[in-house]
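From first to last, the protein sequence lines are chains A and B. Under the numbering used here, the first residue of the first sequence carries the number 1, and numbering increases by one thereafter. Under the numbering used here, the first residue of the second sequence carries the number 287, and numbering increases by one thereafter. All residues carry an ideal CB built from backbone N, CA and C; glycine is no exception. Before any comments, here is the structure.
There are 2 protein chains.
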Amino acid sequence: MSTNERWAAPASQSLRPGPGFRISEVDTGGTPGWRGDKDDAEDHLAARATRLSDLQELLYAHGRAGGTRSVLLVLQGMDTSGKGGIVRHVVGLVDPQGVQHTSFGVPTPVEREHHYLWRIRNALPSPGQLGVFDRSHYEDVLVVRVHELVPADVWEPRYDEINAFEEQVVAAGTVIVKVALLVSLDEQRERLRERLERPDKYWKYNPGDLDERSRWDAYQETYQAVLDRTSTDTAPWHVVPADKKWFARLAVTELLTEALESLDLGWPPPDFDVDAEKARLAAMRP
Amino acid sequence: MSTNERWAAPASQSLRPGPGFRISEVDTGGTPGWRGDKDDAEDHLAARATRLSDLQELLYAHGRAGGTRSVLLVLQGMDTSGKGGIVRHVVGLVDPQGVQHTSFGVPTPVEREHHYLWRIRNALPSPGQLGVFDRSHYEDVLVVRVHELVPADVWEPRYDEINAFEEQVVAAGTVIVKVALLVSLDEQRERLRERLERPDKYWKYNPGDLDERSRWDAYQETYQAVLDRTSTDTAPWHVVPADKKWFARLAVTELLTEALESLDLGWPPPDFDVDAEKARLAAMRP
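Here it is in structure tokens:
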């Protein structure tokens with residue numbers, strides 16, 4: 001069920017960084033595991049969209065019936081890597097009632113007064129919900145490291161702390177789907193250029209994006225560390241080449257579908273006497 | 287722009303309760319203002335869905351650029367009136383990044399310690415967002431009155447208080463779209479029966495729904511009072527016949543589209559020097 005002819009293997013396997021993984025060797029224009037082209041992807045996505053939506057309804061029903069399971073999609077990637085597009089086009093496939101979306105920006109003064117995981121814990125999905133993090137606690141070992149916002153003896157223990165935190169979250173019933181969207185320097189330049197050329201895209205542009213771009217190598221290094229140190233069996237990372245937007249959307253749709261399938265949920269049984277309720281209803285006017 | 291050939295007048299006008307409005311006289315199977323049938327509605331909805339999505343992106347961009355406007359959809363209706371379906375099928379048309387959805391149930395112990403508007407204020411949409419309330423502060427003059435949870439001298443002043451509250455919300459930049467979904471007793475029976483007959487719908491059924499159904503007349507009376515006393519020029523109600531699900535979805539899509547059009551937003555101007563940024567980008571590797 002989780003595999004199908006078009007994917008050589010489950011996307012959750014194909015996209016997982018293996019031993020000796022090097023971020024610098026990723027073909028960001030690649031489509032690993034996908035046996036087809038863009039047109040095939042569009043056809044396939046239409047069918048998988050329905051499946052994803054159906055599975056999400058099962059999860060939602062499970063939560064409403066007192067279940068404890070949930071799914072958390074963690075999206076990380078450089079500016080223009082397409083995090084927002086994933087939310088719009090993939091998360092947008094399912095019922096908004098079952099989605100808890102949080103975008104993590106520069107910490108607010110209140111957030112700064114707390115441990116860096118405080119705001120993350122507050123945003124974890126409730127039972128039955130699909131949580132979506134646009135950026136996350138990983139910024140605390142990415143931008144924080146690159147900009148040297150705290151010394152090494154502060155960020156260094158965070159990898160283990162994050163792993164322990166995610167173990168707790170998973171133990172409480174959440175499947176965590178971590179996605180690193182990777183674009184090339186060339187592709188980022190094209191996307192930034194487009195934002196500077198189209199008045200309907202100016203709002204997506206921030207001069208700070210170029211400052212971050214100038215630190216590309218440092219970010220590559222910190223992403224490498226994240227993938228090396230926090231891709232655990234409990235909460236593995238998935239590396240999604242994102243130069244082709246259609247592939248990134250297809251891949252994340254598949255990853256979410258596989259995560260929901262792994263819960264193996266059925267419709268919740270009634271917690272009331274069906275026949276008695278039918279009789280009560282029939283006895284009422286009109 | 288806000289009217290079009292298929293609607294006799296803007297839906298926000300056609301669906302607004304006029305002087306002498308009586309809830310008991312509403313044809314819940316009607317399609318007021320719509321010049322067409324279900325097939326026409328499906329064709330029309332596809333086009334309007336794109337328009338709604340485009341307008342919501344403008345609102346989102348406006349918020350990201352420091353704007354203050356937002357939209358709040360307030361959904362009220364008896365069990366099975368289709369509030370959830372509106373969220374799934376209408377709100378689901380737009381980008382989840384720009385949606386803040388809140389479902390208001392029985393108040394929690396913490397909520398009970400506060401004024402009834404406290405949890406409402408906390409859930410108001412941020413600038414640029416489409417807020418969606420599945421039930422709302424109106425429960426505090428609906429279920430609260432029907433079940434006599436507080437005495438009349440407590441609920442009586444709430445109508446004026448709600449009007450004053452909504453005036454503040456509108457003054458702060460939010461367009462409020464209040465929708466009362468009305469189904470008939472017959473249609474509710476059919477929908478409840480379906481929930482009792484289909485195992486994939488059991489989770490939507492609650493024995494308490496029949497207790498509420500037995501108080502139908504009392505609810506009609508309190509809805510009448512809500513429509514009489516809180517349909518203001520600042521935040522008017524819209525009465526949407528909901529026996530035909532397709533009409534309810536079409537109508538709310540139109541109401542939201544008209545609300546977003548009323549904001550008359552354009553793409554935000556750049557808050558940076560476009561040419562300078564282009565030059566900076568061009569000067570960077572690769």
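What do you get for residue i, buried or exposed, if any count of 16 or more other CB atoms within 10 angstroms of its CB means buried?
i	result
residue 287/B	Residue placement at residue 287/B cannot be trusted, given a pLDDT of 36 that sits under 50; the coordinates are not used to answer.
residue 467/B	buried
residue 3/A	Since pLDDT at residue 3/A reaches only 45, below the 50 mark, its modelled position is unreliable, and no value is offered.
residue 571/B	exposed
residue 525/B	buried
residue 355/B	buried
residue 336/B	exposed
residue 209/A	buried
residue 244/A	buried
residue 98/A	buried
residue 38/A	exposed
residue 446/B	exposed
residue 392/B	exposed
residue 565/B	exposed
residue 437/B	exposed
residue 341/B	buried
residue 140/A	buried
residue 10/A	buried
residue 294/B	exposed
Taking Cβ positions, are residue i and residue j nearer each other than 7 angstroms?
i	j	result
residue 576/B	residue 509/B	Nothing about residue 576/B can be reported from this structure: the residues present for chain B run from 287 to 572 only.
residue 272/A	residue 493/B	yes
residue 424/B	residue 362/B	yes
residue 12/A	residue 32/A	no
residue 543/B	residue 321/B	no
residue 469/B	residue 314/B	yes
residue 277/A	residue 416/B	no
residue 259/A	residue 175/A	yes
residue 81/A	residue 242/A	yes
residue 422/B	residue 357/B	no
residue 44/A	residue 6/A	yes
residue 303/B	residue 513/B	yes
residue 230/A	residue 163/A	yes
residue 128/A	residue 66/A	no
residue 265/A	residue 58/A	yes
residue 61/A	residue 270/A	no
residue 166/A	residue 235/A	yes
residue 326/B	residue 369/B	no
For residue i, go through chain A and note every residue whose CB falls closer than 7 angstroms to its CB, in chain order.
i	result
residue 364/B	Ordered by position in chain A, no residue passes the 7 angstroms Cβ test against residue 364/B, which lies about 14 angstroms from the chain.
residue 500/B	284
residue 493/B	272 and 277
residue 331/B	In chain order: nothing, as chain A lies at least about 17 angstroms away.
residue 541/B	Here the premise fails: no neighbours, minimum Cβ distance about 17 angstroms.
In chain B, which residues lie less than 9 angstroms from residue i when you measure between Cβ atoms?
i	result
residue 99/A	382, 385 and 387
residue 202/A	347, 351, 553, 554, 555, 556, 557, 558 and 560
residue 193/A	564, 567 and 568
residue 181/A	Correct list: empty, because the minimum Cβ distance to chain B is about 15 angstroms.
In chain B, which residues lie with their C-beta within 8 angstroms of the C-beta of residue i?
i	result
residue 17/A	Here the premise fails: no neighbours, minimum Cβ distance about 24 angstroms.
residue 189/A	567, 570 and 572
For residue i, which residues in chain B fall below 7 angstroms Cβ to Cβ?
i	result
residue 286/A	471 and 472
residue 199/A	553
Anything in chain A within Cβ reach of residue i, meaning under 8 angstroms, just list it in chain order.
i	result
residue 482/B	274, 277, 278 and 281
Would a check of beta-carbon distances place residue i closer than 7 angstroms to chain C?
i	result
residue 347/B	Protein chains A and B are contained in the structure displayed, whereas chain C is not.
Chain-ordered residues of the region 261-278 of chain A with a beta carbon less than 8 angstroms from chain B: 267, 268, 269, 270, 272, 274, 277 and 278
Contact between the region 363-380 of chain B and the region 531-539 of chain B (3+ Cβ pairs under 8 angstroms): yes
Inter-stretch contact at 8 angstroms, needing at least 3 Cβ pairs: the region 148-160 of chain A / the region 213-221 of chain A: no
Residues of the region 152-175 of chain A whose Cβ lies closer than 8 angstroms to any Cβ of chain B, in chain order: none
Against chain A: residues of the region 334-362 of chain B by CB proximity under 7 angstroms: 347, 350 and 351
Inter-stretch contact (C-beta, 8 angstroms, three-pair minimum) for the region 388-397 of chain B and the region 457-467 of chain B: no
Segment contact flag, the region 275-285 of chain A with the region 473-482 of chain B, C-beta cutoff 8 angstroms, min 3 pairs: yes
The region 168-177 of chain A contacting the region 192-206 of chain A, beta-carbon criterion three pairs below 8 angstroms: no
Short-range partners of chain B found in the region 110-125 of chain A, where Cβ spacing is below 8 angstroms: none
Residues of the region 419-438 of chain B with Cβ closer than 9 angstroms to any Cβ of chain A, in chain order: 420
Interface residues of the region 80-94 of chain A facing chain B [CB-CB below 7 angstroms]: 84, 87, 88, 91 and 92
Proximal residues, the region 221-237 of chain A versus chain B, C-beta separation under 8 angstroms: none
Selection of the region 527-540 of chain B by Cβ proximity to chain A, strictly under 9 angstroms: none
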